[in-house]
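Protein chains in written order, with the working numbering: chain A, 7 to 368; chain B, 7 to 368.
Ideal placement from N, C-alpha and C gives every residue a C-beta, glycine not left out.
All values derive from a computational prediction rather than experimental measurement.
Here is the structure we will look at.
There are 2 protein chains.
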Amino acid sequence: MAFRAPPLNGFYCRRNPMVFFRAFASVVSPPSKAVVYERHGPPDEVTRVIDLPPVELKEHDICVKMLAAPINPSDINRIEGVYPVRPPVPAIGGYEGVGEIQALGSAVRGLSLGDWVIPSPPSFGTWQTYIVKEESVWHKIDKDVPMEFSATVTVNPLTALRMLEDFVKLVPGDAIVQNGATSIVGQCIIQLARIRGIRSINIIRDRVGSEEAKEKLKGLGADEVFTESQLEVKNVKDLLGVLPEPALGFNCVGGNPASLVLKFLRQGGTMVTYGGMAKKPITVSTSSFIFKDLALRGFWLQKLMSTENAKDCRVMIDYLLSLVCDGSFKYELEMVPFKDFNVALDRALGKLGSHPKQVIKF
Amino acid sequence: MAFRAPPLNGFYCRRNPMVFFRAFASVVSPPSKAVVYERHGPPDEVTRVIDLPPVELKEHDICVKMLAAPINPSDINRIEGVYPVRPPVPAIGGYEGVGEIQALGSAVRGLSLGDWVIPSPPSFGTWQTYIVKEESVWHKIDKDVPMEFSATVTVNPLTALRMLEDFVKLVPGDAIVQNGATSIVGQCIIQLARIRGIRSINIIRDRVGSEEAKEKLKGLGADEVFTESQLEVKNVKDLLGVLPEPALGFNCVGGNPASLVLKFLRQGGTMVTYGGMAKKPITVSTSSFIFKDLALRGFWLQKLMSTENAKDCRVMIDYLLSLVCDGSFKYELEMVPFKDFNVALDRALGKLGSHPKQVIKF
Numbered sequence: 007m008a009f010r011a012p013p014l015n016g017f018y019c020r021r022n023p024m025v026f027f028r029a030f031a032s033v034v035s036p037p038s039k040a041v042v043y044e045r046h047g048p049p050d051e052v053t054r055v056i057d058l059p060p061v062e063l064k065e066h067d068i069c070v071k072m073l074a075a076p077i078n079p080s081d082i083n084r085i086e087g088v089y090p091v092r093p094p095v096p097a098i099g100g101y102e103g104v105g106e107i108q109a110l111g112s113a114v115r116g117l118s119l120g121d122w123v124i125p126s127p128p129s130f131g132t133w134q135t136y137i138v139k140e141e142s143v144w145h146k147i148d149k150d151v152p153m154e155f156s157a158t159v160t161v162n163p164l165t166a167l168r169m170l171e172d173f174v175k176l177v178p179g180d181a182i183v184q185n186g187a188t189s190i191v192g193q194c195i196i197q198l199a200r201i202r203g204i205r206s207i208n209i210i211r212d213r214v215g216s217e218e219a220k221e222k223l224k225g226l227g228a229d230e231v232f233t234e235s236q237l238e239v240k241n242v243k244d245l246l247g248v249l250p251e252p253a254l255g256f257n258c259v260g261g262n263p264a265s266l267v268l269k270f271l272r273q274g275g276t277m278v279t280y281g282g283m284a285k286k287p288i289t290v291s292t293s294s295f296i297f298k299d300l301a302l303r304g305f306w307l308q309k310l311m312s313t314e315n316a317k318d319c320r321v322m323i324d325y326l327l328s329l330v331c332d333g334s335f336k337y338e339l340e341m342v343p344f345k346d347f348n349v350a351l352d353r354a355l356g357k358l359g360s361h362p363k364q365v366i367k368f
Numbered sequence: 007m008a009f010r011a012p013p014l015n016g017f018y019c020r021r022n023p024m025v026f027f028r029a030f031a032s033v034v035s036p037p038s039k040a041v042v043y044e045r046h047g048p049p050d051e052v053t054r055v056i057d058l059p060p061v062e063l064k065e066h067d068i069c070v071k072m073l074a075a076p077i078n079p080s081d082i083n084r085i086e087g088v089y090p091v092r093p094p095v096p097a098i099g100g101y102e103g104v105g106e107i108q109a110l111g112s113a114v115r116g117l118s119l120g121d122w123v124i125p126s127p128p129s130f131g132t133w134q135t136y137i138v139k140e141e142s143v144w145h146k147i148d149k150d151v152p153m154e155f156s157a158t159v160t161v162n163p164l165t166a167l168r169m170l171e172d173f174v175k176l177v178p179g180d181a182i183v184q185n186g187a188t189s190i191v192g193q194c195i196i197q198l199a200r201i202r203g204i205r206s207i208n209i210i211r212d213r214v215g216s217e218e219a220k221e222k223l224k225g226l227g228a229d230e231v232f233t234e235s236q237l238e239v240k241n242v243k244d245l246l247g248v249l250p251e252p253a254l255g256f257n258c259v260g261g262n263p264a265s266l267v268l269k270f271l272r273q274g275g276t277m278v279t280y281g282g283m284a285k286k287p288i289t290v291s292t293s294s295f296i297f298k299d300l301a302l303r304g305f306w307l308q309k310l311m312s313t314e315n316a317k318d319c320r321v322m323i324d325y326l327l328s329l330v331c332d333g334s335f336k337y338e339l340e341m342v343p344f345k346d347f348n349v350a351l352d353r354a355l356g357k358l359g360s361h362p363k364q365v366i367k368f
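This is the structure in structure tokens:
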């Protein structure tokens with residue numbers, strides 16, 4: 007199947023071919039280079055970079071010149087076709103990113119040329135050089151924040167913040183426990199907990215370099231970091247020392263590491279699952295529910311974004327970017343020029359060893 | 007270890023030996039026959055019936071002549087020593103029951119001789135002929151209700167009612183799903199749902215007589231009853247017909263029957279675990295939490311009774327007994343004279359084939 011370009015107002019529009027004749031009086035975007043896929047499959051096989059023709063701006067539209075956009079695991083899953091919600095193919099890759107306003111429709115009032123904006127809620131198709139979307143899609147952000155953080159603030163840091171806020175009311179001195187603590191969400195949770203005076207108990211895989219990983223997480227503010235093998239003890243709570251039993255746990259692995267989070271939780275505690283890196287289910291004893299009164303929940307940012315709770319997200323994003331700005335919040339990213347998209351993709355797919363999250367720089 | 011009788015005010019009191027001298031001016035209970043166990047172990051080995059000496063009533067005490075008390079599975083687990091909260095041994099068996107007021111302390115104002123009462127919250131030691139406890143322990147109930155229902159209203163029917171009320175707000179036309187539907191809690195859920203206009207989807211074991219069990223549950227108001235083997239299909243929801251996807255599920259089995267409850271639940275649904283008859287854990291996929299947004303919780307009546315939510319329970323018990331009285335709520339019980347306690351216990355232990363719940367009649 008050939009790639010069908012989006013409706014191109016001003017040049018050719020399936021909805022209204024007459025638009026062509028109005029083109030000369032309208033604002034039109036530059037042509038865009040985009041990473042597209044026409045069918046689902048291995049991303050390094052099904053994606054290619056193509057040129058898309060210019061798009062006419064309707065009166066409330068904004069044309070954004072993209073500056074940077076990350077390759078998140080969920081982007082890969084969407085291209086593979088295994089993510090439950092995904093755009094119909096053919097589609098342009100990407101779900102978040104940052105750009106600069108290049109052109110405005112005639113009725114746009116709230117934003118100006120040169121503003122830096124992110125799509126919020128995030129939306130499909132950020133892997134392209136120019137995007138035309140309605141004003142309401144775009145959220146203006148502070149240009150002082152390095153673009154790689156603005157480009158990545160939604161999918162990982164916002165997940166961390168919402169998970170800390172939405173499930174259990176924590177107060178300074180409380181503790182949380184998490185597995186997969188070296189992930190970006192994990193690093194964000196450690197730092198956001200530290201900023202709130204909340205202690206963090208962190209579980210990481212046993213692997214070469216786990217001692218360095220521990221030190222790195224402690225440098226971010228982790229109170230305790232255990233490898234899974236350190237937790238093969240009769241009662242993990244004996245390892246807590248002065249830390250309180252955690253009321254809230256986060257699981258992005260599944261299998262035994264999820265059980266380890268459950269073991270740490272206090273009576274009445276909640277575990278929130280937001281990922282399944284081990285591709286293994288979560289197994290829970292009956293008595294954990296009845297006598298320990300544990301609650302198991304799930305978190306999915308994309309679902310949240312479709313609810314009315316989404317309205318707080320822009321405020322939260324501003325807060326997160328202000329933390330980046332004042333130096334109290336960070337995570338590792340690697341910028342790659344758009345021309346080397348294939349290299350960035352191979353790194354994101356794990357084909358080239360261990361790399362930080364890849365951020366395409368347009 | 008010998009059985010130590012409880013402190014016997016009026017005859018010998020370890021707390022205050024001087025009480026002896028006041029005995030002749032005081033109200034004293036009759037001697038009591040009680041089922042006691044001095045150590046944990048198999049109930050048919052460690053329990054015996056003994057005589058306990060009379061007890062002096064303090065001014066706020068009430069002496070209740072027990073009429074009936076059931077043998078619940080949790081009573082058996084307490085005697086076995088496997089229940090997480092249990093009285094220290096030596097102890098008297100039982101946790102709920104009904105009795106008639108036989109004598110009153112001098113300061114009792116709210117209850118009268120001849121009233122029928124239940125301990126509410128329930129409390130340990132109902133397997134005896136006379137109980138002396140403070141007025142506040144006792145809740146007066148309607149004498150028109152057959153005693154076997156008053157004796158058993160708390161542990162099973164109240165569990166069913168609270169589970170229907172406490173987790174998900176249901177409205178008429180909604181549906182629930184449950185496994186272990188032939189249990190007394192299961193039967194109560196079916197009937198309480200029917201009374202509320204809530205549809206019930208019920209899962210039972212494959213066994214000889216499962217067709218009769220289906221008919222019996224449908225007679226109570228079950229909308230659908232499936233055996234586990236009927237649910238070995240690609241999509242259980244195809245079996246729902248006109249019923250809506252359930253927002254709330256109940257699990258008292260664990261293992262695969264718990265997974266069947268999860269499969270029926272709608273997006274955002276909640277499964278409440280209140281038992282583990284299969285002695286197998288509950289296994290849940292990561293995507294059930296993230297993409298289906300399921301929540302897993304637990305229910306334990308004994309815990310609830312220690313919270314401030316317990317205060318509504320007496321109102322709920324009156325409601326449940328009124329339903330029994332008007333004939334819209336029932337379940338099978340078998341009354342056994344106290345002198346045949348050992349037979350009742352053997353039946354409750356499953357040693358004598360299938361029997362309804364055993365209720366000791368004093």
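Check, Outcome
"So which of 361/A, 355/A, 347/A and 354/A has the shortest CA-CA distance to residue 135/A?", "347/A"
"So, is residue 180/A buried or exposed, given that buried needs 16 or more other C-beta atoms within 10 angstroms?", "buried"
"For the alpha helix (DSSP H) that residue 296/A lies in, which residues bound it at each end?", "292 to 296"
"Is the beta carbon of residue 169/A less than 8 Å from the beta carbon of residue 325/A?", "no"
"Whole angstroms is fine: what's the gap from residue 60/B's alpha carbon to residue 131/B's?", "15 Å"
"For residue 30/B, which residues in the same chain have their Cβ closer than 8 Å to its Cβ, ignoring the five residues on either side in sequence?", "For residue 30/B, the predicted structure reports a pLDDT of 48, less than 50, and the residue's modelled location is therefore unreliable. A value from the coordinates is still provided. Result list for residue 30/B: empty, nothing under 8 Å."
"Keeping to the same chain, check which residues put their C-beta closer than 6 Å to that of residue 228/A; ignore five residues upstream and five downstream.", "196, 206 and 208"
"Which residues in chain A have a C-beta closer than 7 Å to the C-beta of residue 344/B? List them in chain order.", "Under the 7 Å cutoff, chain A gives no residues; its nearest Cβ is about 31 Å from residue 344/B."
"Please state whether DSSP places residue 126/A in a helix, a strand or coil.", "coil"
"For residue 90/B, would you say it is in contact with chain A, using Cβ-to-Cβ distances shorter than 8 Å as the test?", "yes"
"Just by C-beta distance, which residues in the region 287 to 321 of chain B are closer than 8 Å to chain A?", "287, 288, 289, 290, 291, 292, 293, 294, 295, 296, 297, 298, 299, 300, 301, 302, 303, 304, 305, 306 and 309"
"Determine the contact status of residue 70/A and residue 133/A, defining contact as a CB-CB distance below 8 Å.", "no"
"Can you check whether the CB of residue 139/A is closer than 8 Å to the CB of residue 68/A?", "yes"
"Between residue 30/B and chain A, is there a C-beta pair that is closer than 8 Å?", "Any reading at residue 30/B must be qualified, since the residue scores a pLDDT of 48, below 50, and its modelled position is unreliable; the value itself is stated next. So, not an interface residue."
"Name the chain B residues that come within less than 7 Å of residue 280/A, Cβ to Cβ?", "296"
"On the three-state DSSP scale, how would you describe residue 38/A?", "strand"
"With a threshold of 8 Å between beta-carbons, can residue 116/A be considered close to chain B, or not?", "no"
"Using Cβ-Cβ distances below 7 Å, what residues of the region 241 to 269 of chain B are close to chain A?", "260"
"Between residue 302/A and the rest of its own chain, which residues show a CB-CB distance below 6 Å, the 5 nearest in sequence each way excluded?", "277"
"So for residue 204/A, helix, strand or coil by DSSP?", "coil"
"Looking only at C-alpha atoms, which of 356/B, 318/B, 274/B and 161/B sits nearest to residue 50/B?", "356/B"
"Give me the Cα-Cα distance between residue 250/A and residue 275/B, rounded to the nearest whole angstrom.", "31 Å"
"Rounded to whole angstroms, what is the Cα-Cα separation between residue 58/A and residue 103/A?", "19 Å"
"Can you give the Cα-Cα distance for residue 123/A and residue 362/A, rounded to whole angstroms?", "24 Å"
"Where does the unbroken beta strand (DSSP E) through residue 258/A begin, and where does it stop?", "Note, residue 258/A: premise wrong, no beta strand (DSSP E); not H, not E."
"What span of residues does the beta strand (DSSP E) with residue 105/B cover, start to end?", "104 to 110"
"Is the region 149 to 168 of chain A in contact with the region 234 to 246 of chain A, if contact means three or more CB pairs nearer than 8 Å?", "no"
"Based on Cα-Cα distance, which residue from 41/A, 335/A and 128/A lies nearest to residue 155/A?", "335/A"
"DSSP state of residue 354/A, grouped into three classes?", "helix"
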